[in-house]
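Chains as they are written, first to last, in the numbering used here: chain C, 1 to 115; chain S, 1001 to 1115. Note that beta-carbon positions come from the ideal geometry of N, C-alpha and C, so glycine has one too. Being a predicted model, the structure only gives us computed values, none of them experimental.
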């Protein structure tokens, strides 16, 4: 596999299995490509909330809007250009705010295999 | 390690070993933290160019400006919100343009150990 470039419009957005919120994710690189990383984009409608058991190491880069992550009673909020790191083993609530959000994510190992 | 949030101003920017260009990187998560990922920010002065042998899988999210990566005679250029994936084994030239650039990066395994 050679060097590749991706834009938000390239991602095949779909709801993650098991949740009904307005949160849509689309992988661009994953286990199909032979490498160790999953790469994709996430799109959050306004004021959505999902609970997730993080089973892989998950890095979320906020590109637009704001995202809050609550774990162990503490909340961090990130805006454009900021990064939230969720190590494997975290139980988190991820929330978007009134403007929704766009994120890029990188996980290791692949999260779709692990779910 | 619990959930953490980072901003571009948090990174301890320094030149990467072995290059004199105006390209500065700062890790926020790496081998010191026990996980499998390196996470950091990169800051590019205008019109800089570095040649790199990519020894780890390297995901670059462009936050501001534009970055071009040339590998095997092909060049991709990414702007804000776009992602460039450089698999391990790539020999690349990374260039910034007239406005410089800010990037977030995620690598696996840790690139500073591997250099």
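{"Asked": "Could you tell me whether the Cβ of residue 1072 of chain S comes closer than 8 angstroms to any Cβ of chain C?", "Found": "yes"}
{"Asked": "Quick check: what's the CA-CA separation for residue 81 of chain C versus residue 1073 of chain S?", "Found": "30 angstroms"}
{"Asked": "Check whether the Cβ of residue 15 of chain C lies closer than 7 angstroms to any heavy atom of the ligand NAD, and answer yes or no.", "Found": "As far as ligands go, the structure on display features none, and thus does not contain the ligand NAD."}
{"Asked": "On the criterion of 16 or more Cβ atoms from any shown chain inside 10 Å, does residue 1087 of chain S qualify as buried, or is it exposed?", "Found": "buried"}
{"Asked": "Name, please, each residue of chain A whose Cβ falls closer than 8 angstroms to the Cβ of residue 90 of chain C.", "Found": "Of the chains in the structure shown, none is chain A; the protein chains are C and S."}
{"Asked": "Are any of the Cβ atoms in chain C nearer than 8 angstroms to that of residue 1050 of chain S?", "Found": "no"}
{"Asked": "For the stretch 19–34 of chain C and the stretch 57–73 of chain C, state whether three or more C-beta atom pairs, one from each stretch, are separated by less than 8 angstroms.", "Found": "no"}
{"Asked": "Would you identify the three-state DSSP class for residue 33 of chain C, choosing helix, strand or coil?", "Found": "helix"}
{"Asked": "So, does the CB of residue 1006 of chain S fall closer than 8 angstroms to a CB anywhere in chain C?", "Found": "yes"}
{"Asked": "Residues of chain C with CB closer than 7 angstroms to the CB of residue 1039 of chain S, please, in chain order.", "Found": "59, 83, 85"}
{"Asked": "Would you say residue 101 of chain C reaches chain S, if we count a Cβ-Cβ gap shorter than 8 angstroms as a contact?", "Found": "no"}
{"Asked": "Out of C:100, C:56, C:83, which one is the CA nearest neighbour of residue 30 of chain C?", "Found": "C:56"}
{"Asked": "Hey, does residue 12 of chain C have any beta-carbon neighbour from chain S nearer than 8 angstroms?", "Found": "no"}
{"Asked": "For residue 10 of chain C, which three-state DSSP category applies?", "Found": "helix"}
{"Asked": "If you run the structure through DSSP and keep just helix, strand and coil, what is residue 1099 of chain S?", "Found": "strand"}
{"Asked": "With 16 other CB atoms within 10 Å as the buried threshold, where does residue 1098 of chain S fall?", "Found": "exposed"}
{"Asked": "Against residue 1110 of chain S, what residues of chain C qualify as contacts under a CB-to-CB distance less than 7 angstroms, listed in chain order?", "Found": "Result: empty, since nearest Cβ-Cβ is about 11 angstroms, beyond 7 angstroms."}
{"Asked": "Does the stretch 37–57 of chain C come into contact with the stretch 90–109 of chain C, if we say contact requires no fewer than three beta-carbon pairs (one atom in each stretch) closer than 8 angstroms?", "Found": "yes"}
{"Asked": "Going by alpha carbons, who is nearest to residue 106 of chain C out of C:100, C:58, C:95?", "Found": "C:58"}
{"Asked": "Can you tell me where the beta strand (DSSP E) with residue 65 of chain C in it begins and where it stops?", "Found": "57–71"}
{"Asked": "Using a cut-off of 7 angstroms between C-beta atoms, extract the partners of residue 1069 of chain S located in chain C.", "Found": "3"}
{"Asked": "What does the Cβ neighbour count give for residue 43 of chain C, buried or exposed, with the cut at 16 atoms within 10 Å?", "Found": "buried"}
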